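Novice: Numbering (the numbering used here), first residue to last: 3 to 152. Ideal Cβ positions, reconstructed from N, Cα and C, are used throughout, including at glycine. Because the structure is a prediction, the values reported are computed rather than measured. Before I ask anything, here is the structure I am working with.
As structure tokens, then:
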């Protein structure tokens with residue numbers, strides 16, 4: 003017989019009904035942190051890929067500006083900053099190096115953009131461990147664009 007209407011398990015004198023509910027609770031308590039850690043890792047990896055993509059696009063756009071006639075280095079840096087801002091990144095953190103912008107037609111140009119990336123979730127997790135945030139260094143994302151001047 004059941005201890006209440008609609009109960010899934012029959013009532014027993016040895017408490018097996020209670021132990022099955024307890025087992026499910028323990029399994030959930032063990033698995034949930036692992037699932038959350040995987041979810042945060044996936045999100046953080048997505049942020050890293052997004053930042054890499056934005057830096058690559060900024061370098062490419064800077065390269066396009068650099069090959070145009072009568073463009074200065076400041077025009078290239080401005081184009082890179084504009085792309086980074088449109089992507090939602092802080093353009094003031096980026097470092098842009100430009101070479102060959104004053105060359106003649108057919109000469110190579112090079113635009114390199116570097117951007118520091120810090121994992122917010124990883125720092126939050128490591129903040130629990132004493133001295134854990136000291137072990138985390140920022141990742142530097144870099145991308146270059148090489149084009150021939152028009």
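Thinking C-alpha only, which one of 90, 70 and 64 is nearest residue 80?
Specialist: 64
Novice: Just to confirm the assignment, what range does the beta strand (DSSP E) spanning residue 113 have?
Specialist: 110-119
Novice: Sort 58, 44, 48 and 150 by Cα distance to residue 107 and report the nearest one.
Specialist: 150
Novice: Going by Cα to Cα distance, which pick from 35, 51, 77 and 68 is closest to residue 127?
Specialist: 35
Novice: Residue 145: buried (16+ other C-beta within 10 angstroms of its C-beta) or exposed?
Specialist: buried
Novice: Go ahead and pull the three-state DSSP assignment for residue 45.
Specialist: helix
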